[in-house]
Amino acid sequence: MLALARQTVRSSWRGYLGAFVALLFGVVLIAVTTTLIGSVDATSNLPGVTADQRTQLDDLAAMFGMMSAVSAFMALFVVGSTFGFVVASRRRELGLLRLVGATPRQVRRLLLGESTVVAAAATTVGCLLGTMLAPAVLDLVRTIGITTLHLEAPSPWIAWVVAAPAGAVVALLGVWRSARRASRITPSAALREAAVERTRPSIVQLAVAIVCFGGLVTAIVLAADLPPLFALVASILLPEVVVIGLLSIGPAVIPRLAALLARPFVDRDVAARLARDEVRGAVRTTAAVAAPVMAISAIAGSLLLSLSFTADWTTAQDRSRLRAPLVVEAGSPGATAAVAADPTVAVADVRRQVTLQRDEDGRPGSPDEVEIVDLATASTARSLTATRGSIDDLRGPSVAVTTTWVTDAGIGLGGTVAFWIDGDRVPLRVVAVVPDAPDLYGELLIPAGLVPPTTDGPVFVVPHGDASATRDSLRRTLAGTDSRILDASAWIDATAAQTRQANNVGFTVLLGPAGLYAAIAIVNATLIGASQRRRQRELVQLLGASPDQVRRAAIWQAGLVCGTALLLGGATTAVLGWLVRRAITADLAAVPMTIPWLPLLAIGVVCLLLTVSATAAGLSSRK
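Residue numbers for the sequence shown follow my numbering, beginning at 1 and rising by one.
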């Protein structure tokens, strides 16, 4: 059967070309992300890596891990839907095979064999291409400022071991369901379904959609009780869940929405009417072409909006909790002590941190950044208070934690967190839960004197009298130390700008590879859809439509399908943005709202241009 599958793929290679391209770049995407994660591990194992560099590598590992999750989802989503679409488009051919005596099992084995042949070729080429691109990607990571470290390239076999099986499994999963469905129907039903496509979702599809949308509804109901940072994480993961749910009922929903979108134009342009009828009739083609647009618009839009709202929240927290009118960014080791010794300074609250290893099964485990606080100065300058427990109990072997940390770690007030300090395992009791304020203090706070700090951050200064007099005195005291003296509002604005810049870098890392792959998938799916509709367009021309009307109908159709996908992606973005916003306003009232309109509109414009351009290119290639 495998030999027959190889022959059918060779004879009908055009039908599988789109699936080959989707899987090829999906394997490249998985290979590249695996290489990035492997490079972090290889670099951390090099001799001479400092503690600061190891912390930076741990942050990179977390970021690349999230990127690999998003990239893997896009690859699974696009490849699976493309293979299923290709098989569904061959239903007339499969019906003929059933008519000439092929059994359901033979049809199923033939389709699985064809997907195996395509997967073998695509994974081999994809792994080779991913290996060739690995050095350039590692250089790009450093060039765009994600890290200052020189990442060590891992062994190429790591990417091969992950990407090759993943590509094969994705291809087989994508074709498996369609193969089962094609093998179960009668020959006459196969021929009939080739002309009239089913729009009603199956019981399994409905169950998947109910589970996905049920998870979204649960998150919405609990939004007011979620910590803002936890809501941000949810907004990164939930778009994938919503997209899966929409894909499950896509053939029933997307064509109807596209037809509704065309309603204002059908009476004015016959091409728009032709396009509307086509999207309502070819439901599988419509849903398959809309899939990558819907996925990337929902994921990218939700992430953009959530990051912007979270930056608004951290800035509002800074303005609400920071009581010190001056902030000093020390430029030399002795500058911090000089600020505290200045006679015009009443309180010099230094933000100090240390890296400690968490206890894991009696051994040192993953490192955590821990804040060392002086209760007297931090309570005055940074409004350090407890929402549960008492901050005054933070003395001796104890720790205060933020609300988000409690939700994430599952350890609340009265619990114990063990760290390794100077080679000894030291259990710390949770004595207080404090509000989140990432720019002012970290998630874990221990009292001064428990462990010496390793890094000093900004100094929050409360003057004895007039702030301007203290500023002038500090300028004289810190002259020649390269220190900066900022008003609290100026420091908050600068911190907010740094946060948004870091968010932009994070957005690029998380969605850069997936966005590039989505662009390829949009063009690929559009070209596949155009090739599947060639026979219908030729028939329309035979019935009297002019070539110009057929071309305009194709452009209308591309616009309607892309517009519908963008509407669904935009609705997902709006719902998840509201979820994050609800969590933020429940934590802190009157938080300003910044909507990144330009990037959001750019996502829609790029998707629309790619879809229309691919449609026009497909029409030109068949002239």
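All C-beta atoms in this analysis are idealised placements derived from N, C-alpha and C, irrespective of residue type, glycine included.
Reduced DSSP category for residue i - H, G, I as helix; E, B as strand; rest coil
i, result
"Ile584", "helix"
"Thr103", "coil"
"Phe83", "helix"
"Glu193", "Interpretation of Glu193 is limited by its pLDDT of 47, a score under 50 that renders its predicted location unreliable; no figure is taken from the coordinates."
"Ser398", "strand"
"Arg475", "helix"
"Ser546", "coil"
"Glu152", "coil"
"Phe419", "strand"
"Gly618", "helix"
"Ala326", "Reading the sequence as shown, one finds Leu at residue 326 and not Ala. Looking at Leu326 - three-state DSSP - the assignment turns out to be strand."
"Ala136", "helix"
"Ser39", "helix"
"Ala348", "strand"
"Val266", "coil"
"Thr147", "coil"
"Pro513", "helix"
Own chain, CB closer than 7 Å to residue i, minus 5 neighbours either side, in chain order
i, result
"Asp267", "none"
"Thr336", "Ala330, Val350, Asp456, Val459"
"Phe419", "Leu356, Gln357, Arg358, Asp359, Val426, Leu428"
"Thr648", "Nothing about residue 648 can be reported from this structure: the residues present for the chain run from 1 to 623 only."
"Gly415", "Val430"
"Arg471", "Leu326, Ile485"
"Val612", "Ile555, Ala558, Gly559"
Exposed unless 16 or more other CB atoms sit within 10 angstroms - verdict on residue i
i, result
"Val70", "buried"
"Pro463", "buried"
"Gln498", "exposed"
"Val211", "exposed"
"Arg382", "buried"
"Leu609", "exposed"
"Glu240", "buried"
"Thr218", "exposed"
"Gly130", "buried"
"Arg276", "buried"
"Leu567", "buried"
"Pro333", "exposed"
"Ser68", "buried"
"Ala479", "exposed"
"Leu99", "exposed"
"Met74", "buried"
"Trp157", "exposed"
Beta-carbon gap between residue i and residue j smaller than 7 Å
i, j, result
"Gly577", "Leu305", "yes"
"Pro646", "Ala252", "Beyond the ends of the chain as shown, which are 1 and 623, falls residue 646; an answer cannot be given."
"Gly26", "Val289", "no"
"Gly18", "Asn504", "no"
"Thr377", "Glu443", "no"
"Ser44", "Leu57", "yes"
"Thr477", "Asp342", "yes"
"Gln501", "Glu278", "no"
"Gly174", "Gly84", "yes"
"Ile446", "Ile372", "yes"
"Leu632", "Ala583", "Past the edges of the chain, shown from 1 to 623, lies residue 632, and the structure says nothing about it."
"Ser248", "Val208", "yes"
"Val433", "Val399", "no"
"Val79", "Val170", "yes"
"Ser483", "Val347", "no"
"Pro228", "Asp587", "yes"
"Ile603", "Ser297", "yes"
Same chain, Cβ closer than 6 Å to residue i, neighbours up to 5 away in sequence not counted
i, result
"Pro592", "Asp312"
"Ala616", "none"
"Met63", "Val509"
"Asp374", "Ala448"
"Ala287", "Gly250, Pro251, Ile254"
"Phe230", "Thr404, Thr407"
"Leu511", "Ala300"
Residues near residue i by beta carbon distance below 8 Å, same chain, minus five either side
i, result
"Pro452", "Val354"
"Thr594", "Ser308, Phe309, Ala311, Asp312"
"Tyr16", "Val9, Val86, Glu114, Val118"
"Ala386", "Ala400, Ala432, Val433, Val434"
Contact with chain B by residue i, beta-carbon distance below 7 Å
i, result
"Asp58", "Absent from the structure is chain B; it holds one protein chain and no more."
Check: residue i C-beta below 6 Å from any heavy atom of the ligand GTP
i, result
"Ala502", "Summarising the ligand content, the structure contains no ligands, and the ligand GTP is consequently not present."
Given 8 Å, three or more beta-carbon pairs between the stretch 549–564 and the stretch 583–602: no
Cβ contact (3+ pairs, closer than 8 Å) linking the stretch 96–112 and the stretch 121–138: no
Segment contact, 8 Å Cβ cut-off, at least three pairs: the stretch 29–37 with the stretch 155–173: yes
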